[in-house]
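Converting from the sequence shown to my numbering requires adding 1284 to each position, the first position being numbered 1. No residue lacks a Cβ here, since even glycine has one placed at the ideal position from N, Cα and C. Being a predicted model, the structure only gives us computed values, none of them experimental.
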Amino acid sequence: MKTKQVETISPTTCLICETNNSTEAVLCSECCAPMAILQDAIIQEREPQIVSVIGESNVGKTVYLGVLLDMLSQRAGDFEAVPKGAYSIDLQQAVISHLAHRMFPPKTPMEANQWYWAYYQVRRRARRSAWVDLVTPDMAGESLAAEVATPMTFRVIHNLLNKSSGMLLLVDAAMSANGSTQPDFFALKMLSYLDSMYAAKREQKIHTPIAIVLCKADHCPECFDDPEEFTQANLNRLWNLCESRFSNVRIFASSVVGSLGYATSENEEYVTPIPLHTALRGVLEPFEWIIDQL
């Protein structure tokens, strides 16, 4: 991945796609990333490190990312996190507010100009470690699928992943445990896309740290007992590609919702899942591992 000194960037150059914008621009005209991210980065005089949360539609990316940011802001795991700009708080506020009212947040729109972005400075308080600048967007699963199927359909996704210092790949463990091959195939496509994008030689493995997060693990508690064994048994295609092409992968099990209810009405044909309460488990650990790798 290419790096550069932030001091040499023009205040109107997008940090994500490097497009020149007008001085009045709020969002980048090319990729819709908030221009405030660049302004905050210039003040810090160092290039932020992008951590991307990726996964297919309905895997729980928005909920996971919102809860993770809220845990960091509450100093979970002795982390200290400082949001750089009010826009960085919008995602966690939306997720926590919805869960508090026993609702899931709405699906992330495919349009990049409607995505939530978060820019946080994070460090471990006990170790008095150096601050790490993290930029994390909430990308739509449908947009990721479209980009994987036809590269450069969403240039913002291509640029984000190309600049990412680490990634969290969310996989639906509940579907996999029930025999569905969809999570395995999507994760396989996602990592194949990354492999092609980095264009490493066949004898060289990709060293970018990737945390594979088995989401909704409360439906299959065996995930927590041995995430690697579960992945090898239920996501064997993903497991094999990781062994062949990626040298820095760690697998985690995670769940956010403690129990679900289901509701419907006389005028509706579909059933709505209701999160009755949260029971956080394995949310912070993948991020903690990524931070240790940066």
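- The C-alpha of Val1419 lies about 12 angstroms from the C-alpha of Tyr1371.
- Bounds of the alpha helix (DSSP H) holding Thr1515 are 1511-1518.
- Going by C-alpha positions, Tyr1403 is about 12 angstroms away from Leu1299.
- In the structure shown, the three-state DSSP call for Leu1356 is helix.
- Pairwise C-beta distances place the segment 1362-1369 out of contact with the segment 1540-1558, as fewer than three of them are shorter than 8 angstroms.
- Taking 8 angstroms as the cut-off, the Cβ atoms of Leu1453 and Ile1496 count as close.
- Judged by DSSP in its simplified three-state form, Met1423 adopts coil rather than helix or strand.
- Under the three-state reduction of DSSP, Ser1448 is assigned to strand.
- Taking C-beta separations shorter than 6 angstroms and ignoring five residues to either side along the sequence, the partners of Leu1560 in its chain run Ser1543, Gly1545, following chain order.
- The beta carbon of Glu1314 is closer than 6 angstroms to those of Cys1301, Thr1303 in its chain, skipping five residues each way along the sequence.
- Unbroken alpha helix (DSSP H) runs of no fewer than 4 residues, entirely contained in the segment 1374-1424, are found at 1374-1384, following chain order.
- In the DSSP secondary-structure assignment, Arg1534 is bridged to Ala1495.
- Inter-residue distance for Arg1359 and Gly1350 is about 15 angstroms (C-alpha atoms, whole angstroms).
- Here DSSP, grouped into helix, strand and coil, assigns Ser1372 to helix.
- Straight-line measurement puts the Cα of Ala1547 at about 16 angstroms from the Cα of His1382.
- For Ala1461, the enclosing alpha helix (DSSP H) has its first and last residue at 1457-1461.
- In this structure, the straight-line span from the alpha carbon of Thr1297 to that of Gln1323 is close to 10 angstroms.
- If you ignore the 5 residues before and after Glu1426, its C-beta comes within less than 6 angstroms of the C-beta of Ser1341, Met1394, all in its own chain and listed in chain order.
- Remark: C-beta atoms of Met1423 and Trp1399 approach each other more closely than 8 angstroms.
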